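In UniProt numbering, the protein residues as written are 1 to 472.
All remarks here apply to the structure that follows.
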Amino acid sequence: MTVSKLRRFAEEILRCVDILEEDCLSRGVEVPDINDHQSYDNDFQRSKDNVLDAVNSIVASALALVHSVQSPIQSMRAVASGHIISASLRCAAELNITDLIRTGDSKGTHVDALAGKCKVEAGQLSQILRLLSAQGIYREISPDVFANNRLSIVLDRGLSSSDLVAVSQSHDKLYKTPQSATSALFCHLMDEAAKASSYLFEAVSDHATSTNKVYAISRAFNTDKSFWEIFELPGQENRLRRFGLAMEGVARTEPRDVVLKGYDWQSIAKGGQVVDVGGGVGTVSMRLASAYPEMNIVIQDRQSVVEDGLKRWADVNPLAIETGKVKLQPHDFFQPQPIQSPDVFFMKSIIHDWPDDDALTILRHLRDAAGPNTKLFTMDKVVPYTCDTPDANIEGVEMTGPAAGKAKSGLGNVLPYISSVLMIALLNGQERTLQHTVSLYRKAGWVIYKVYQSETQGQFGSQLQARPIEIP
Ligand SMILES: C[S@@+](CC[C@H](N)C(=O)[O-])C[C@H]1O[C@@H](n2cnc3c(N)ncnc32)[C@H](O)[C@@H]1O
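Structure, rendered in structure tokens:
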């Protein structure tokens with residue numbers, strides 16, 4: 001009898017489990033367990049190629065196995081109802097359920113106690129937590145008693161029991177610890193982003209026929225404003241602030257200081273000038289400024305974000321502002337760039353926010369202000385195709401970094417594509433393939449000559465270096 005595909009998937013999973021167990025054994029650490037609720041830092045050495053390949057292969061094989069054996073109607077129904085999982089997770093996050101469980105009885109917390117503290121109906125809360133437990137987030141350890149697990153602790157904001165009593169809807173209190181940035185990211189995804197996503201179909205259909213490309217998010221908020229303008233509306237101050245922190249949350253999903261790896265910052269460490277265009281509150285520049293305190297950094301963003309940014313720097317690195325090494329400058333990147341010939345124009349997660357024509361305008365303004373030695377250094381996801389692409393390299397583009405040329409495609413690797421479609425819903429933007437990115441930059445007078453990739457799945461921003469050429 002020939003070996004069935006089911007068995008091949010199962011055998012592949014076992015082969016990879018051997019590799020992961022060996023990884024833990026060699027370091028004398030326990031194999032991660034879904035029921036761990038102390039820390040999710042107990043992890044595999046994903047920086048090692050064979051370990052990362054094993055993790056990726058288990059995810060792909062397990063998904064293939066599930067889709068091969070589960071009734072397709074059941075699988076599709078679960079996907080079609082995925083929004084209710086996201087909505088339930090938002091309830092748990094906004095109600096601080098993870099923090100409440102952590103600060104409660106170590107054996108788990110009864111839903112009546114949780115509901116009393118967060119002032120909701122216990123019957124409804126138990127349904128929500130049960131759905132999440134069935135999804136592997138939280139654990140119902142006895143009827144109506146819930147405990148944290150490896151997934152739920154990602155939402156931990158680090159609040160103490162007294163914080164939790166005093167907590168109101170004030171985001172100053174909710175998001176006061178550094179670890180709360182992750183929760184800020186998830187709450188943004190499950191709030192504004194989820195609302196926008198429900199209008200994706202209407203927006204996409206409309207874009208095909210109309211020149212007035214109404215954003216999905218504008219439909220969701222019943223306004224003619226764009227994503228950024230919605231944050232400026234009265235009453236949206238908490239969302240604006242949370243979004244700033246959510247960008248820190250994004251940075252926390254990446255290896256710390258990954259931005260230091262993809263560019264030779266040492267060459268401009270002593271007094272060079274970097275302009276962080278659309279730098280938000282300066283999340284990435286904070287890493288640069290602490291590694292290279294003599295570098296001159298200007299963070300440009302919208303006025304309201306600059307104001308928020310100054311408060312963040314006062315908390316995190318006041319000296320950098322006092323010495324003038326770091327400056328925050330209001331600037332609209334659709335207007336001519338005021339800083340001429342810096343060493344580096346830096347942008348992280350900017351180009352993916354915009355459709356091609358707007359992205360070209362932003363890139364061209366930087367090109368106009370570039371000197372012959374100015375470099376453009378950007379971080380954006382470079383998404384792989386979902387099929388194999390043997391000829392993925394582009395002439396003249398040097399691929400560097402630990403994951404260079406090892407892009408993984410296909411089943412199980414959904415995050416870059418989620419991000420790409422989300423950009424349509426929020427901003428009419430998109431993540432781009434390498435081919436698309438290279439050609440877009442070239443049209444704006446920038447030639448990409450180096451791409452640093454730190455991981456294989458296109459989830460973290462790839463780091464792209466470009467130099468100015470004649471504008472075609
Ligand atoms: C996705 S965030 C990235 C922020 C930052 N680069 C980071 O990675 O943490 C995009 C940023 O673009 C800024 N932005 C949007 N429109 C802008 C404009 N017209 N001029 C300048 N900044 C703008 C937003 O305020 C926001 O801070």
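Where a beta carbon is used, it is the ideal one built from N, C-alpha and C, also for glycine.
Bear in mind the structure is a predicted one, so any value in this text is a computation, not a measurement.
Identity of the residue in the options nearest residue i by Cα
i: residue 365; options: 339, 373, 354; result: 339
i: residue 237; options: 333, 83, 305; result: 305
i: residue 188; options: 43, 141, 108, 86; result: 86
i: residue 469; options: 443, 174, 2; result: 443
i: residue 229; options: 288, 302, 28; result: 302
i: residue 162; options: 174, 154, 153; result: 174
i: residue 246; options: 323, 179, 197, 11; result: 179
i: residue 363; options: 438, 140, 110; result: 438
i: residue 165; options: 118, 70, 402; result: 118
i: residue 415; options: 93, 224, 254, 404; result: 254
i: residue 106; options: 124, 141, 76, 74; result: 141
Pair within 8 Å by beta-carbon distance, residue i and residue j
i: residue 462; j: residue 447; result: no
i: residue 314; j: residue 248; result: no
i: residue 353; j: residue 427; result: yes
i: residue 326; j: residue 350; result: no
i: residue 95; j: residue 66; result: no
i: residue 331; j: residue 194; result: no
i: residue 50; j: residue 19; result: yes
i: residue 369; j: residue 329; result: no
i: residue 126; j: residue 144; result: yes
i: residue 258; j: residue 419; result: no
i: residue 103; j: residue 160; result: yes
i: residue 251; j: residue 289; result: no
i: residue 21; j: residue 31; result: yes
i: residue 146; j: residue 157; result: no
i: residue 54; j: residue 24; result: no
i: residue 186; j: residue 122; result: no
Own chain partners of residue i with C-beta closer than 8 Å, once the 5 adjacent residues on each side are dropped
i: residue 308; result: 240, 241, 244, 281
i: residue 449; result: 396, 397, 398, 465, 466, 467
i: residue 136; result: 34, 149, 151
i: residue 191; result: 90, 239
i: residue 199; result: 216, 217, 219, 220, 425
i: residue 27; result: 45
i: residue 73; result: none
i: residue 317; result: 286, 289, 290, 326
Burial state of residue i, where buried means 16 or more other Cβ atoms lie within 10 Å
i: residue 382; result: buried
i: residue 116; result: exposed
i: residue 375; result: buried
i: residue 286; result: buried
i: residue 385; result: exposed
i: residue 431; result: buried
i: residue 78; result: exposed
i: residue 334; result: exposed
i: residue 267; result: exposed
i: residue 134; result: exposed
i: residue 52; result: buried
i: residue 429; result: buried
i: residue 197; result: buried
i: residue 235; result: exposed
i: residue 111; result: buried
i: residue 403; result: buried
i: residue 367; result: buried
Contacts around residue i, its chain only, beta-carbon distance under 6 Å, and the 5 residues preceding and following it disregarded
i: residue 291; result: 260
i: residue 227; result: 217, 426, 427
i: residue 434; result: 382
i: residue 371; result: 341
i: residue 36; result: 150
i: residue 9; result: 61, 64, 65
i: residue 263; result: 377
i: residue 270; result: 294
i: residue 5; result: none
i: residue 394; result: 438
i: residue 312; result: 281
Other residues of its chain near residue i: CB distance less than 7 Å, five sequence neighbours each side excluded
i: residue 88; result: 128, 131, 132
i: residue 13; result: 58, 61, 62
i: residue 359; result: 351, 440
i: residue 40; result: 150, 153, 154
i: residue 279; result: 285, 299, 300, 301
i: residue 460; result: 254, 258, 454
Cβ-heavy atom distance, residue i to ligand 3, below 7 Å
i: residue 294; result: With respect to small molecules bound, the structure shown includes ligand 1 and not ligand 3.
Residue-level contact to chain C via CB, residue i, 8 Å cutoff
i: residue 157; result: Although the question refers to chain C, the structure presented lacks it and comprises just one protein chain.
Three CB pairs or more closer than 8 Å across the stretch 346 to 361 and the stretch 265 to 279: yes
The stretch 196 to 205 / the stretch 423 to 442 touching (three or more Cβ pairs under 8 Å): Using a C-beta cut-off of 8 Å, the stretch 196 to 205 makes contact with the stretch 423 to 442, since at least three inter-stretch Cβ pairs fall below that distance.
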